[in-house]
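Here the protein sequences come in this chain order: L and R.
Oh and the first sequence: position 20 is 1189 in this note's numbering, straight run, nothing missing.
Oh and the second sequence: position 34 is 1203 in this note's numbering, straight run, nothing missing.
Every residue, glycine too, gets a C-beta built ideally from N, C-alpha and C.
Everything below concerns the one structure shown next.
There are 2 protein chains.
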Amino acid sequence: MGKRAVVLASGGVDSTTCMAIAVSEGYEVYALSFDYGQRHRHELRCAANAAERMGAAGHKVIEVDLRAFGGSSLTDEMEVPKDTPEAEIGAEIPSTYVPARNTVFLSLALAWAEVLGAEDIFIGVNALDYSGYPDCRPEYIAAFEKMANLATKTGVEGTAVIRIRTPLIQMSKADIIRKGIELGVDFARTHSCYDPDEQGRSCGRCDSCLLRLKGFRDAGIEDPAPYS
Amino acid sequence: MGKRAVVLASGGVDSTTCMAIAVSEGYEVYALSFDYGQRHRHELRCAANAAERMGAAGHKVIEVDLRAFGGSSLTDEMEVPKDTPEAEIGAEIPSTYVPARNTVFLSLALAWAEVLGAEDIFIGVNALDYSGYPDCRPEYIAAFEKMANLATKTGVEGTAVIRIRTPLIQMSKADIIRKGIELGVDFARTHSCYDPDEQGRSCGRCDSCLLRLKGFRDAGIEDPAPYS
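Shown next, in the form of structure tokens:
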């Protein structure tokens, strides 16, 4: 069998480019998405589309309802912040931070990786043009990787070493977009908005939209996604 | 507000004693259980009973279907091992190991802890009379704790330090049972069996039953739970 990787797939710019990178490196890709009670399901359709387009060997959507805990404007009845001045994005941890989200997602990716015999887990985190989430930083990823190798049967038996792969972590959003285009990503079918309308069109005003729009502007490319 | 703790509650001897210890230390207890596709739901009734009996401030049951990944006789259509000779229990990692289970459970506990402002997460893992699972060992717990403090808003802002509390980790099963009785645990309403019958009676032959029965025998106490 070819070398396998689990790729976290949220349907956005970063995770879709990350999936394209895993494919370009020759991995047999198993895409993993989460229905965690986020405000909209449009991102799950985008993730499924990316997995199909890139010939992923599998795509699972796991339900785990993080609304049970709340604590975030993405899963609670709070307003998503809009029109944050550019310099302030990422300066503080915003209300869109979902407690322990990447830890929950990576843990479930680890479970699947172990069953698949995959050594690599790809996650499209970015510590440069990002929203200031603690679970996107390199020191967090390194700590998760260390824990993962102590958590698992393969780690204990020494038969496989789990690697958390973060190819985008030090890239600017513009570079991520350029890389995605080079690898044939269809950005019209990616979704970044925290608060889209009922037709799945992006608001253009939440932090995620603002970071995305700035990335396309910096890359000198027009964002093909629909805005309301 | 009093000091809060999230306590993982599986309804078994260890987690129920662990909950009693958290209560005895004066914590406001938030019990957390998982409906993860295990073979039976009887353990969830036992966990709910323990949380109610001990006056927990809250009890949540989170659904996360680990059957989606398989890879374990607890979540797959495999036979649960029976009548393992005592010396062999824990010598190898058995088929009842569920890939990354404690990592998934602790990650979700971390999410709730962060929302609650709880610094302590109790888990009744035991590295002495246990089944050889990698995610029950002290080095794994230490790595998870380190990761947890890098993962969270509170960790980054330095406002709280997450501790993974494992009061049972170096205790024998007999000592755990004695401690539980001292703290008023009703062991008749705890459940350990991997493969109970339809009335919730234990098989007495799986590794978990064998470890439990040996613990009661060593403690010189009769196990009050029903066996088929």
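7 Å CB neighbourhood of residue i in its chain, flanking five on each side removed
{"i": "K1322 of chain L", "result": "E1283"}
{"i": "F1238 of chain L", "result": "P1268"}
{"i": "P1393 of chain R", "result": "F1356 and A1357"}
{"i": "L1213 of chain L", "result": "G1180, S1202, D1204 and V1230"}
{"i": "V1354 of chain R", "result": "T1185, T1186 and A1189"}
{"i": "R1370 of chain R", "result": "P1395, Y1396 and S1397"}
{"i": "R1374 of chain L", "result": "K1251 and D1252"}
Any chain L beta carbon closer than 8 Å to residue i
{"i": "M1316 of chain R", "result": "yes"}
{"i": "F1313 of chain R", "result": "yes"}
{"i": "K1229 of chain R", "result": "yes"}
{"i": "I1262 of chain R", "result": "yes"}
{"i": "S1377 of chain R", "result": "no"}
{"i": "L1277 of chain R", "result": "yes"}
{"i": "T1434 of chain R", "result": "Since the first and last residues shown for chain R are 1170 and 1397, residue 1434 of chain R lies out of range."}
{"i": "E1232 of chain R", "result": "yes"}
{"i": "G1239 of chain R", "result": "yes"}
{"i": "K1342 of chain R", "result": "no"}
{"i": "E1283 of chain R", "result": "yes"}
{"i": "L1177 of chain R", "result": "no"}
{"i": "A1280 of chain R", "result": "yes"}
Residue closest to residue i, alpha-carbon to alpha-carbon, out of the options
{"i": "A1388 of chain R", "options": "R:W1281, R:R1173, R:H1228 and R:I1350", "result": "R:I1350"}
{"i": "G1259 of chain R", "options": "R:Y1302, R:T1359 and R:G1369", "result": "R:Y1302"}
{"i": "G1206 of chain R", "options": "R:V1330, R:T1244, R:T1186 and R:K1348", "result": "R:T1244"}
{"i": "G1180 of chain R", "options": "R:A1216, R:A1191, R:L1201 and R:G1293", "result": "R:A1216"}
{"i": "H1228 of chain L", "options": "L:T1272, L:V1175 and L:E1246", "result": "L:V1175"}
{"i": "K1251 of chain R", "options": "R:E1326, R:R1386 and R:C1362", "result": "R:C1362"}
{"i": "A1317 of chain L", "options": "L:K1383, L:D1344, L:L1279 and L:S1341", "result": "L:L1279"}
{"i": "C1378 of chain L", "options": "L:T1265, L:G1286 and L:F1274", "result": "L:T1265"}
{"i": "K1383 of chain R", "options": "R:S1242, R:S1193, R:P1254 and R:L1275", "result": "R:P1254"}
{"i": "L1285 of chain R", "options": "R:I1310, R:R1208 and R:Y1196", "result": "R:Y1196"}
{"i": "H1211 of chain L", "options": "L:C1372, L:D1376, L:R1374 and L:P1365", "result": "L:P1365"}
{"i": "I1190 of chain L", "options": "L:K1348, L:E1246 and L:A1320", "result": "L:K1348"}
{"i": "I1346 of chain L", "options": "L:L1177, L:A1178 and L:D1183", "result": "L:D1183"}
{"i": "E1326 of chain R", "options": "L:A1226, L:C1375, L:G1373 and L:I1262", "result": "L:I1262"}
{"i": "R1208 of chain L", "options": "L:A1226, L:T1359 and L:V1249", "result": "L:V1249"}
{"i": "F1313 of chain R", "options": "R:E1194, R:T1328 and R:F1274", "result": "R:F1274"}
Exposed unless 16 or more other CB atoms sit within 10 angstroms - verdict on residue i
{"i": "K1172 of chain L", "result": "exposed"}
{"i": "E1221 of chain L", "result": "exposed"}
{"i": "M1188 of chain R", "result": "buried"}
{"i": "V1330 of chain R", "result": "exposed"}
{"i": "E1367 of chain L", "result": "exposed"}
{"i": "E1391 of chain R", "result": "exposed"}
{"i": "G1293 of chain L", "result": "buried"}
{"i": "G1324 of chain L", "result": "buried"}
{"i": "A1256 of chain R", "result": "exposed"}
{"i": "R1386 of chain L", "result": "exposed"}
{"i": "G1164 of chain R", "result": "No information on residue 1164 of chain R is available, as it lies outside the stretch 1170 to 1397 that chain R covers here."}
{"i": "E1288 of chain L", "result": "buried"}
{"i": "M1223 of chain L", "result": "buried"}
{"i": "T1328 of chain R", "result": "exposed"}
Cβ of residue i within 8 Å of any chain R Cβ
{"i": "Y1309 of chain L", "result": "yes"}
{"i": "A1226 of chain L", "result": "no"}
{"i": "K1348 of chain L", "result": "no"}
{"i": "L1352 of chain L", "result": "no"}
{"i": "S1202 of chain L", "result": "no"}
{"i": "D1304 of chain L", "result": "yes"}
{"i": "T1244 of chain L", "result": "no"}
{"i": "P1268 of chain L", "result": "yes"}
{"i": "D1289 of chain L", "result": "no"}
{"i": "A1296 of chain L", "result": "no"}
{"i": "V1273 of chain L", "result": "yes"}
{"i": "G1327 of chain L", "result": "no"}
{"i": "A1138 of chain L", "result": "Not covered by the structure: residue 1138 of chain L. The range shown for chain L is 1170 to 1397."}
{"i": "G1324 of chain L", "result": "yes"}
{"i": "V1192 of chain L", "result": "no"}
{"i": "L1319 of chain L", "result": "yes"}
Opposing strand residues paired with residue i [DSSP bridges]
{"i": "V1230 of chain R", "result": "R:S1202"}
{"i": "S1264 of chain L", "result": "BP columns for S1264 of chain L are empty, so no partner."}
{"i": "L1177 of chain L", "result": "L:L1201"}
{"i": "R1334 of chain L", "result": "L:F1291"}
{"i": "Y1363 of chain L", "result": "None, per the DSSP bridge assignment."}
{"i": "S1371 of chain R", "result": "R:Y1396"}
{"i": "K1383 of chain R", "result": "Answer is none; K1383 of chain R lacks a bridge partner."}
{"i": "K1251 of chain R", "result": "R:C1375"}
Other residues of its chain near residue i: CB distance less than 8 Å, five sequence neighbours each side excluded
{"i": "L1296 of chain R", "result": "Here residue 1296 of chain R is Ala; the residue named in the question, Leu, does not match the sequence. Once the five neighbours on either side are set aside, the close Cβ partners of A1296 of chain R are C1305, R1306, P1307, I1338 and Q1339."}
Residues near residue i by beta carbon distance below 6 Å, same chain, minus five either side
{"i": "I1231 of chain R", "result": "F1203 and L1277"}
{"i": "I1290 of chain R", "result": "V1175, A1278, A1282 and I1333"}
{"i": "N1271 of chain L", "result": "D1304"}
{"i": "I1310 of chain R", "result": "I1333 and T1335"}
Any non-hydrogen atom of the ligand COA within 7 Å of residue i CB
{"i": "K1172 of chain R", "result": "Ligands in the displayed structure: none, and consequently the ligand COA is not present."}
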